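Under our numbering, the letters of the sequence shown match residues 2 to 413, in that order. Don't be surprised by glycine CBs; every beta carbon is placed ideally from N, CA and C. Quantities reported herein were computed from a predicted structural model and do not represent experimental measurements. Report on one structure; see the data block that follows.
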Amino acid sequence: MAGAAAKTGWADYCRALKALPGTPLRPFYLLFGPSSLLQREFLAALRARAGADDDMSFNRVPDAAEAPAAGAVLQARTPPFLGGTRVVVFPGDRVFGPAGGGAGGGAGAPSAGGADGEAGDAVAGPAGGAGGRRKAAGGRGGGGGGGAAAGGAAEESALVEYLAEPPAFSCLVAVCAEVDRRRRALRAAEAAGAVMVPCAGPTGEALTRWAGDYVRRLGKAIDAGTSALLIGRVGEDIDVLVQELDKLAAYAGDRPAIGAADVAAVASGRPLERVFVLLDDMGDRRPDRALGHLAMLLRQGENPMRIIALIAGHVRVLCRARAALDRGLAPFGAEQELRGAGVHPYVAARAVRQAARFQARELEDLVVQLFSADAAIKKGQLKDTLALELFLLGAGHMGRAAGAPAWAAGGG
2 MAGAAAKTGW ADYCRALKAL PGTPLRPFYL LFGPSSLLQR EFLAALRARA
52 GADDDMSFNR VPDAAEAPAA GAVLQARTPP FLGGTRVVVF PGDRVFGPAG
102 GGAGGGAGAP SAGGADGEAG DAVAGPAGGA GGRRKAAGGR GGGGGGGAAA
152 GGAAEESALV EYLAEPPAFS CLVAVCAEVD RRRRALRAAE AAGAVMVPCA
202 GPTGEALTRW AGDYVRRLGK AIDAGTSALL IGRVGEDIDV LVQELDKLAA
252 YAGDRPAIGA ADVAAVASGR PLERVFVLLD DMGDRRPDRA LGHLAMLLRQ
302 GENPMRIIAL IAGHVRVLCR ARAALDRGLA PFGAEQELRG AGVHPYVAAR
352 AVRQAARFQA RELEDLVVQL FSADAAIKKG QLKDTLALEL FLLGAGHMGR
402 AAGAPAWAAG GG
């Protein structure tokens with residue numbers, strides 16, 4: 002179900018968020034998916050819909066870290082002080098996540114308001130999982146999965162019993178990274194009419210548009226090309242992208258727009274961006290520069306085997322791009338074909354330019370050389386770093402692609 006969230010989650014999330022103000026609160030909400038940013042956004046809207054305010058802050062309760070689901074059920078069964086609706090949030094990984102997965106690696110229960118946030122919101126359980134990025138603003142870092150399997154069954158039973166007859170005065174909210182359809186708690190939630198909210202951000206062109214809208218809310222402007230450049234550099238994780246956009250808006254200062262030069266100066270490049278540069282160097286037949294960029298990746302702590310896997314994945318994209326060009330497609334047509342196969346627009350555009358700098362035979366040779374390097378490492382014949390260096394040296398001395406067009410030259 003986590004995979005489904007990644008593919009269709011954005012549209013479903015937007016529908017759920019848009020419907021929230023005009024519909025009665027349901028007794029149970031399940032927020033699942035990789036984005037803690039979207040989880041916090043939905044929780045804030047849910048609290049606003051419940052009419053919670055600071056005058057009701059007495060309803061906030063201490064964390065129930067030992068058994069978050071059982072503690073949440075206990076709090077949800079307690080009538081709220083001075084009436085109103087009590088919103089109880091808890092980390093649901095132990096009852097909704099993959100069996101035996103434990104609580105430590107999940108999304109946790111984001112709490113945008115911290116200890117003095119929206120009143121009437123009872124937070125049961127730690128506010129974050131093990132990862133630093135997954136820890137929600139204002140919450141506590143959560144910890145390990147020790148004892149989770151033993152306690153999870155009892156917690157699940159308590160939640161299933163609660164969902165059979167939930168009180169009208171409470172709104173119980175579970176937050177987790179992924180859900181397992183085999184769990185009894187999920188079946189009970191569905192039977193109780195729970196609202197399932199997949200918290201997965203947009204991808205492709207939808208993410209590019211979203212980035213432009215977000216920057217406008219910051220009082221800046223960014224064109225689609227610059228947004229695509231940034232996404233190609235930092236990836237499609239919406240939580241990471243927001244951090245980078247905030248950083249770029251601050252860097253732009255009094256200037257009204259964020260430009261490509263700002264992205265180059267400030268945005269944190271991901272390993273795939275370095276792989277693009279490596280292949281640019283190989284297309285230019287500059288193994289010396291390729292080795293320099295490899296050294297930079299290694300200094301950043303990247304595993305050599307992961308670098309090989311990234312290069313192999315991108316070379317496969319280049320093979321598809323080269324094949325499209327060899328069939329007579331124009332560069333734009335080749336880009337469209339790649340995008341239709343699920344390749345991000347920025348990656349597709351860059352791949353077409355890079356593919357034009359190689360012959361089809363050369364790209365096939367790169368695949369064979371990568372396979373040989375991988376096999377030599379796994380058989381213990383070569384150290385991983387040495388195998389990568391030898392691959393780059395060999396690739397850098399291939400014959401120059403005949404007749405590479407002018408639009409294929411330059412920085413990839």
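Sheet register partners of residue i (DSSP bridge)
i	result
alanine 222	Ala258
cysteine 177	Phe33
valine 198	Leu32
proline 92	Val176
DSSP three-state assignment for residue i, whether helix, strand or coil
i	result
leucine 383	coil
arginine 87	strand
serine 171	strand
proline 28	coil
serine 373	helix
arginine 41	helix
threonine 204	coil
phenylalanine 277	helix
alanine 20	helix
threonine 227	helix
threonine 209	helix
alanine 69	Before going further, note that residue 69 is proline rather than alanine in the sequence given. Note: proline 69 maps to helix in three-state DSSP.
arginine 184	coil
glutamine 76	helix
serine 269	coil
phenylalanine 82	coil
glutamine 244	helix
alanine 100	coil
Option nearest residue i by Cα separation, candidates the options
i	options	result
tyrosine 347	Phe333, Gln360, Arg358, Phe359	Phe333
phenylalanine 277	Arg218, Leu326, Lys221, Val353	Val353
leucine 319	Asp289, Asp282, Ala20, Glu365	Glu365
threonine 386	Ala45, Leu292, Ala325	Leu292
phenylalanine 392	Leu231, Arg275, Met283	Met283
valine 264	Gln244, Arg234, Ala100	Arg234
leucine 230	Pro257, Ala195, Lys221, Val267	Val267
valine 88	Arg182, Arg185, Glu363, Val174	Val174
glutamine 76	Pro99, Tyr30, Phe170	Phe170
threonine 24	Pro99, Leu187, Ala49	Ala49
valine 74	Phe97, Ala159, Leu47	Ala159
glutamate 42	Ala201, Pro167, Thr86	Ala201
lysine 248	Gly236, Ser269, Pro257	Ser269
cysteine 177	Gly236, Arg275, Leu31	Leu31
aspartate 238	Ala17, Ser36, Arg16, Val90	Ser36
glycine 52	Arg78, Cys172, Gly93, Tyr14	Cys172
arginine 358	Ile378, Gly343, Arg323	Arg323
leucine 326	Gln360, Arg210, Leu38, Ala190	Gln360
aspartate 289	Ala396, Thr86, Ala258	Ala396
aspartate 375	Ala331, Gly314, Leu330, Ile309	Ile309
glycine 260	Gly314, Leu298, Arg275, Lys221	Lys221
alanine 356	Arg317, Glu157, Leu246, Lys379	Arg317
alanine 349	Leu371, Arg321, Met297	Arg321
valine 161	Arg27, Glu179, Leu187	Leu187
isoleucine 312	Pro99, Leu39, Glu390, Ala212	Glu390
threonine 79	Leu299, Lys384, Tyr163	Tyr163
proline 92	Leu367, Glu156, Tyr14, Ala46	Glu156
leucine 242	Pro257, Thr204, Ala253, Ala296	Thr204
arginine 95	Leu47, Gly153, Gln40	Gly153
alanine 100	Pro28, Met297, Val180	Val180
aspartate 240	Gln40, Ala165, Arg340	Gln40
Cβ-based burial, residue i [other Cβ within 10 Å; buried from 16]
i	result
threonine 227	buried
alanine 70	buried
alanine 251	exposed
leucine 394	exposed
glutamine 301	exposed
proline 305	buried
leucine 208	buried
tryptophan 11	buried
arginine 184	buried
proline 167	buried
valine 369	exposed
arginine 182	exposed
aspartate 255	exposed
aspartate 214	exposed
glycine 414	Absent from the structure is residue 414, since the part of the chain shown begins at 2 and ends at 413.
glycine 382	Note that residue 382 corresponds to glutamine in the displayed sequence, not to glycine. Counting Cβ neighbours within 10 Å, glutamine 382 comes out exposed, since fewer than 16 surround it.
arginine 328	exposed
alanine 415	For residue 415 there is no data in the structure shown, the boundaries of the chain being 2 and 413.
Near the ligand FAD: residue i beta-carbon under 6 Å from a heavy atom
i	result
methionine 306	Ligands are entirely absent from the displayed structure, and the ligand FAD is therefore not among its contents.
> What runs of the beta strand (DSSP E), each 3 residues or longer, lie entirely inside the segment 282 to 358?
Replying inline: none
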